[in-house]
Amino acid sequence: MTSLSVLGELPALPLHEAGKYVAGAYVVVFVLVLIYVAIMAVRLSRIERELGELLAREAAGAPDDDGQGSRHASSTPAEAGVGR
Amino acid sequence: MQRARRSPADRAFRPEGRGLRSLSIATVAAMALALGLVFFYAPLDAEQGFLQKIFYVHVPLAIVALSGFVVAALMAIAHLRTRDARWDMRSYVAIHMSLIFAVATLLTGSIWAKGSWGHWWVWNEPTLVSFLIVFLLYATYQPLRFSIEDPERQARYASVFAITAGAFVPMNFIAVRLSTAYLHPRVLGSTSNLPAKMAFTFAVSLLAMALLYATLCKYELTAKNARAQLRALRRLADRRAGVGEAAQAAAPRRRSAAPSLHAPATMTARAAGRPGA
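Protein chains in written order, with the working numbering: chain V, 1 to 84; chain P, 1001 to 1277.
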């Protein structure tokens, strides 16, 4: 006998039985969205950290080939016209 | 007053996050409304009882996931027509998000099947198996991209894949409809069978899920755009610090499945204060 032949005749589960399945389904979706948001948060913090490093490097004046500070050490990203 | 023309550099990094805040608020409101309707407004199903509440999350997830694949195909067509990397990026993000929604669909469907039929999976049910086939087909999208090193070729091949697979989705849907087994509950085309309260709750749930999809896509696009801008900024800073172009070019390039938004040469040259920009 195939399992499909009886599927249409199965009675409804009582609330205390069905509740865990319904909760399980909604929790799965919630957890997936939560994992996605957590991954995005990690990526965002990485961007923030790299941006901070870049700004610190620019502010300090990265040494050029002559070992002197950059001619554009005071430049900011806004001056560079990037990210607008 | 003459309107300033957008340069290629401005167009390359057009902000993707515009409207993200209002979209997020709309999504949260729609999700809250949908959950309220599902548990406090929609009546219990006569056959399945409380278990049928899974219908309001499982079916919208499936519809949005499949629609996302089709939308990704349309974006891939736009990419091939215009050669604009942003369309490739949008197509990539749409497929990426649809895959996540498809995983959620499979998991919620399995839970529903277990509660309703007593089995986690039924292999001779065409709707389930066809959805799994679509999911597995799209699961090869990322490895395909990763296997191609040249970004131009990667984007082109990925677009061709997205279009071909996107055409497969409605064909697959129609084929399942035409099949003889009708044990899986039908939704599209039979909403008139649903009581008005159930149909309304389902429509709101579908809207909420579509908004969630759009918000997460926009969120991802914004993050990728910010990352691309940061890379451009780093290159610019390296150039100012005296790191030569040859050294930059010699730096090992990390292979990635994700599309890359390149800053046009004019942008970096202009920002570095060089002539001819």
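Where is the CB? At the ideal position from N, CA and C, for every residue including glycine. Note that the structure is predicted; figures quoted are calculated from it, not measured.
For residue i, which residues in the same chain have their Cβ closer than 8 Å to its Cβ, ignoring the five residues on either side in sequence?
i: A1139/P; result: L1099
i: N1172/P; result: S1130, I1133 and V1134
i: T1027/P; result: A1208, L1211, L1212, A1214 and T1215
Mind listing the chain P neighbours of residue i? Cutoff is C-beta to C-beta under 9 Å, in chain order.
i: L54/V; result: L1230, L1233, R1234 and A1237
i: R49/V; result: By Cβ distance, chain P contributes nothing, its closest Cβ being about 10 Å from R49/V, past 9 Å.
Any idea if residue i is buried or exposed, counting beta-carbon neighbours within 10 angstroms, 16 or more meaning buried?
i: T76/V; result: A caution first: T76/V carries a pLDDT of 41, below 50, which makes its placement in the model unreliable, though a value can still be read off. By the 10 Å Cβ count, T76/V comes out exposed.
i: L1221/P; result: buried
i: R1255/P; result: exposed
i: Y1041/P; result: exposed
i: N1225/P; result: buried
i: S1022/P; result: exposed
i: S1091/P; result: buried
i: R1240/P; result: buried
Which chain P residues are close to residue i, counting only those with a beta carbon under 7 Å from its beta carbon?
i: A18/V; result: G1049, F1050, L1051 and G1115
i: V22/V; result: F1050, L1051, K1053 and I1054
i: A60/V; result: Result: empty, since nearest Cβ-Cβ is about 11 Å, beyond 7 Å.
Ignore the nearest five residues each way along the sequence and tell me which others in residue i's own chain have a CB closer than 7 Å to its CB.
i: L1194/P; result: F1202
i: I1163/P; result: A1073, A1076 and I1077
i: A1104/P; result: L1061
Going by Cα to Cα distance, which pick from the options is closest to residue i?
i: Q1048/P; options: A1257/P, A1113/P, A1175/P and A1102/P; result: A1113/P
i: V1160/P; options: L1233/P, H1119/P and A1076/P; result: A1076/P
i: R57/V; options: M1097/P, A1072/P and D1238/P; result: D1238/P
i: R1169/P; options: L1236/P, A1199/P, R1153/P and V1071/P; result: According to the sequence displayed, residue 1169/P carries Val and not Arg. The residue with the shortest Cα to Cα distance from V1169/P is V1071/P.
i: A1257/P; options: A1065/P, P1151/P and A1199/P; result: P1151/P
i: S1260/P; options: M1089/P, V1122/P, R1021/P and H1119/P; result: M1089/P
i: M1097/P; options: H1119/P, I1063/P and K1197/P; result: I1063/P
Residues of chain V with CB under 8 Å from residue i, in chain order?
i: H1058/P; result: A25
Please list, in chain order, all residues of the same chain as residue i whose beta carbon is under 6 Å from its beta carbon, the five residues on each side excluded.
i: D1045/P; result: Q1052
Which residues in chain V have a C-beta closer than 7 Å to the C-beta of residue i? List them in chain order.
i: A1226/P; result: I47
i: L1216/P; result: Y36
i: Y1219/P; result: M40
Residue i versus chain V: which residues are under 9 Å apart at the beta carbon?
i: A1223/P; result: M40, R43, L44 and I47
Practice task
Please name the residues in the segment 29 to 40 of chain V whose beta-carbon is closer than 8 Å to at least one beta-carbon of chain P, in chain order.
Solution key: V29, L32, V33, Y36 and M40
Practice task
Report the residues of the segment 1094 to 1126 of chain P with a CB closer than 8 Å to any CB of chain V, ordered along the chain.
Solution key: I1100, V1103, A1104, L1107, T1108, I1111, W1112, K1114, G1115, S1116, W1117, G1118, H1119, V1122, N1124 and E1125
Practice task
Could you run through the segment 1071 to 1092 of chain P and flag, in chain order, every residue whose CB is less than 9 Å away from some CB of chain V?
Solution key: Correct list: empty, as no residue qualifies.
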